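Just so you know, the sequences run in chain order D and H. Residues in the first sequence are numbered from 1 upward in steps of one, following the UniProt record's numbering. Residues in the second sequence are numbered from 1 upward in steps of one, following the UniProt record's numbering. In this text, a Cβ means the ideal position worked out from N, Cα and C, and glycines have one as well. What you are looking at is a predicted structure, and each value in this text was computed from that prediction instead of being measured.
Protein chains: 2
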Amino acid sequence: MTRKQLIMDSALQLFAEKGIEATSVQQITDHCGISKGAFYLSFKSKDELIYAIIEHFMNNIIREVDQAVSEGSTPSEKLHNYFVHTFKVMSQYTGFAEILMKEKVSAINETLIERIQFYVDLAKKSLEKLLFEVFGDQIEGKQYDLVLVVNGMVQAYLQNFFESCKPFDVIKLADSLVEKTTLLATKSEVVFLQDSSQLYSRMKVYSIEHIIEELDQLQQQTNDNLELESIQLLKEELTMENPRPAIIIGLVSNLEKNENFNWVTLYLKNHFI
Amino acid sequence: MTRKQLIMDSALQLFAEKGIEATSVQQITDHCGISKGAFYLSFKSKDELIYAIIEHFMNNIIREVDQAVSEGSTPSEKLHNYFVHTFKVMSQYTGFAEILMKEKVSAINETLIERIQFYVDLAKKSLEKLLFEVFGDQIEGKQYDLVLVVNGMVQAYLQNFFESCKPFDVIKLADSLVEKTTLLATKSEVVFLQDSSQLYSRMKVYSIEHIIEELDQLQQQTNDNLELESIQLLKEELTMENPRPAIIIGLVSNLEKNENFNWVTLYLKNHFI
DNA sequence: TATAATAATGACTAGCCGGTCACGTGTCAA
DNA sequence: TTGACACGTGACCGGCTAGTCATTATTATA
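1) Please give the ranges of any alpha helix (DSSP H) in the segment 182-245 of chain H, keeping only runs that are unbroken, at least 4 residues long and fully inside the region.
2) Along the chain, where does the alpha helix (DSSP H) that runs through residue 22(D) open and close?
3) Pick from 38(D), 197(D), 131(D): whose alpha carbon is nearest that of residue 183(D)?
4) Among the candidates 162(H), 94(H), 146(H), whose CA atom is the shortest distance from the CA of residue 156(D)?
5) Does DSSP put residue 270(H) in a helix, a strand or coil?
6) Using a Cβ cut-off of 8 Å (strictly closer), state whether residue 121(D) contacts chain H.
7) Where does residue 95(D) sit, in a helix, a strand or coil, going by DSSP?
8) Start and end of the alpha helix (DSSP H) containing residue 138(H)?
9) Going by beta carbon distance, what residues of the same chain come within less than 8 Å of residue 249(D), once the five residues before and after it are set aside?
10) Does any residue of chain H have a CB that is nearer than 8 Å to the CB of residue 240(D)?
11) Please decide whether residue 145(D) counts as near chain H, where near means a Cβ-Cβ distance under 8 Å.
12) Between the beta-carbon of residue 101(H) and the beta-carbon of residue 52(H), is there less than 8 Å?
13) Looking only at its chain, what residues have a beta carbon closer than 8 Å to the beta carbon of residue 178(H), apart from the 5 residues adjacent to it on each side?
14) Please state whether DSSP places residue 75(H) in a helix, a strand or coil.
15) Looking at residue 163(H) and residue 201(D), is the spacing between their C-beta atoms short of 8 Å?
16) Compare the C-beta of residue 257(H) against all C-beta atoms of chain D and say whether one is closer than 8 Å.
17) Note the first and the last residue of the continuous alpha helix (DSSP H) segment covering residue 46(H).
18) For the candidate residues 127(H), 85(H), 50(H), whose alpha-carbon lies nearest to that of residue 113(H)?
19) Please work out which residues of its chain come closer than 7 Å, Cβ to Cβ, to residue 159(D), disregarding the five sequence neighbours upstream and downstream, and give them in chain order.
20) What is the DSSP secondary structure of residue 34(D), counted as helix, strand or coil?
21) Can you tell me whether residue 38(D) is buried or exposed, with buried defined as 16 or more other CB within 10 angstroms of its CB?
22) Looking only at its chain, what residues have a beta carbon closer than 6 Å to the beta carbon of residue 118(H), apart from the 5 residues adjacent to it on each side?
23) Note down, in chain order, every chain H residue with its Cβ under 9 Å from the Cβ of residue 153(D).
24) Going along chain D, which residues have a C-beta under 9 Å from residue 91(H)?
25) Using a Cβ cut-off of 8 Å (strictly closer), state whether residue 160(H) contacts chain D.
26) Are the C-beta of residue 84(D) and some C-beta of chain H separated by less than 8 Å?
27) Return no unless some Cβ of chain D is closer than 8 Å to the Cβ of residue 198(H).
28) Comparing C-alpha positions only, which one of 18(D), 20(D), 16(D), 46(D) sits nearest to residue 4(D)?
29) Would you please state the rounded distance, in angstroms, between the beta carbons of residue 256(H) and residue 265(H)? I believe it to be under 8 Å.
30) Under 8 Å, do residue 173(H) and residue 192(D) count as touching if we go by C-beta distance?
31) Assuming contact is defined by CB atoms lying nearer than 8 Å, are residue 99(H) and residue 15(H) in contact in what I supplied?
32) Which whole-angstrom value is the C-beta distance of residue 124(H) and residue 199(H), which I expect to be below 8 Å?
33) Starting from the Cα of residue 96(D), find the closest Cα among 1(D), 109(D), 116(D) and give me that residue.
34) Please tell me whether residue 135(D) and residue 68(D) are closer than 8 Å, where the distance is taken between their beta carbons.
35) Which of the three DSSP states, helix, strand or coil, is assigned to residue 43(D)?
36) With distances taken from CA atoms, which of 232(D), 196(D), 19(D) is nearest residue 211(D)?
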C-alpha cells in the first residue's frame, strides 16, 4: 500500500468517526504513524486529501452500481440489482458512506460540495435511464418526480441503516423497493416536477464547452503519451458539429486508469452512451 | 426584541450561510453590533446558543404542523394539511431548515444531536398516528416502512427545494404526495421494517423513568410557583401504576409557556393523548 | 567506505478559536 | 453632586489549527 493510500485509509476512518472539520492533520498522521511533514509530501493540503477521497469513492460507487445493473439480464432484474448493489456498495464503503450521510453539505470547501453534487446528479441521470428501461414511455413526464422519490426512499433506508448499525437483509429491502417503485411508476398520475432543470441543479454547469476547458487543464496533469494524445483528439472530436460517440467512448477508455480523469470520463460516458 | 432573540436571529442567519462550526462567536457579535462580552451575558457558551436555537425551532415546527393537521375536518384533509404545512413551516423558518438539511449530524456536540434525533422521532410518531387515522388498520404491519418512506419523500423534496431556491406551489406538491402516500399505503404488500425499534432509534431512551429524572433537574430552572407545583404533581402522577392522562395533560399545559420545558411537554402530550 | 541524493522529521510560525475579566460608561437614588 | 450599581466592552489568555522548513536519518551509488 502506498503512503497516499495509507493516509486516505486513516483519514477516512477518522473522518467517519468525528467528522471532517473536527479531524486535524496531526491526528491523521498520528493515526498512521508518520510525521506531519510526510503528510505534506503526499498531499498539498488537507483539502486536497478530502478531494482525493471524494473523487476515489464517488467513482467506485457509481461505477460498481452501474456495473451490477448492467449485469442484469432483464430490465426488472436490473432494477432489483440497482437497489441490492446500492446498499451493498454503501455497506462496503461504510466509512465513506457515513461521511456522505453525516457531513452533508456545509463546513467543507465550496468546490468540493459542487463536485459531490455533480456525482449525485450523475447517479440520478443513471437512475432515470434505468427507470425508462424498466417502465418505458409510461413514465414520460413523471420521470423527474420518480427519480427524486426513489432516491429519497433509498436515502431514508440508508440513513436508518447507519443509525441502527445492524446488518440487514439487502435482498428483502430491494424486493420492497422494487414493489414501491413499480407502484409509483405505473399508478402515479399527479406530477410535480415539470422539467429536468428542476431535478439536476449542477448538471448543466458541466456543458460540453466546459468539459473542453477542463480537458485543457487536465492535459498538464499527465506525461503519458497515450493519455496526452487521447485528450487532444477528444478535444478535436468534441468541437465538431456531430461528435461520433464510438470515437469518444474509445478515447475515454484510454483515460480511465488515471484517477485524475475520473469525473470527466464518467461524464462523457454518461453523455454519449 | 430582547438581546437573546437578537443574537439567535443573527446566529441563525450566519449558521445557515456558513455552517455552525465555521461561524465564530466574534462573527455573530459583529453581525448584531454587540461586544463579545455581551454575548456571554446572554448565553453561557456557544453550545448553549445552538441548543436554544434547536429547542426553539424544533418545537415551533412540530407544534405548528400538529396544529394545522388537527384543523383538518376529514382524515384525508388532515394528510393534505400535513404536507402543505410541513413545507410552509419549513419555508417560513428557511434559515433553520437549511441548518437542519445541511448540517446533518456530525461536527456539533453529541447531546445536541441526540436532542434533534429525539424531535425527529417525535415527528415520526405523529406521522404514524396520522397515517393510521387516514388509512386505518389496512396499514397494520407496514406502518414503519410507510413512515420511513413518506419521511424520505418529504426530505427529498425539501432538499430539492433548498437547492433550487425557487418558490414553488405547495398545494400541488401536497396533492402529489397525498397520491403517492395513498398508493403506497393501500397497494404496497412487501414489508421490510418489522418493529418500532427499527424506526425509532432514540425514542426508547426517553422512558417514563428517564422523564422523571429530567423533571428533577428542570425543577431547579424555574421560580414560578405554579410551575414548581405542577412538576411535583407530575412526578407523583407518573410514578403511579396507572397515570391518569387527563391530569397529566392538564399539568403539562401549565408548563407550556416556559421554553425550558419544551421537549418534556411535547413528549408527555405525545405519550398520553 | 565515502559521498551524494532522497526521505522523513517535528519544532516552529501565524492565525483563529471560545471564553474571561479588569475596566469604562451611563443611569439612577440620595 | 456624589456614590452605587448594572451594563457593556475589547484586550487578553490558553489552546488549537494548517502548513513550513532547517535539520536529521536513510538509502543508493561509486
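The relevant details are as follows:
1) 196-199, 208-218, 225-239
2) First-last for residue 22(D): undefined, no H or E at that position.
3) 131(D)
4) 146(H)
5) helix
6) no
7) helix
8) Looking at the DSSP string, residue 138(H) is not in any alpha helix (DSSP H), and its letter there is neither H nor E.
9) 268, 269, 272, 273
10) no
11) yes
12) Not in contact: residue 101(H) and residue 52(H) (Cβ atoms no closer than 8 Å).
13) 76, 79, 80, 83
14) Residue 75(H) falls in the helix class under three-state DSSP.
15) Contact: yes.
16) no
17) 46-70
18) Looking at the Cα atoms, 50(H) is the closest of the given residues.
19) 101
20) coil
21) exposed
22) 202
23) 148, 149, 152, 153, 156
24) Ordered by position in chain D, no residue passes the 9 Å Cβ test against residue 91(H), which lies about 15 Å from the chain.
25) yes
26) no
27) yes
28) 46(D)
29) The beta carbons of residue 256(H) and residue 265(H) sit about 5 Å from each other, so the pair counts as a contact at 8 Å.
30) Against a cut-off of 8 Å, the Cβ pair of residue 192(D) and residue 173(H) comes out as a contact.
31) yes
32) 7 Å
33) 116(D)
34) no
35) coil
36) 232(D)
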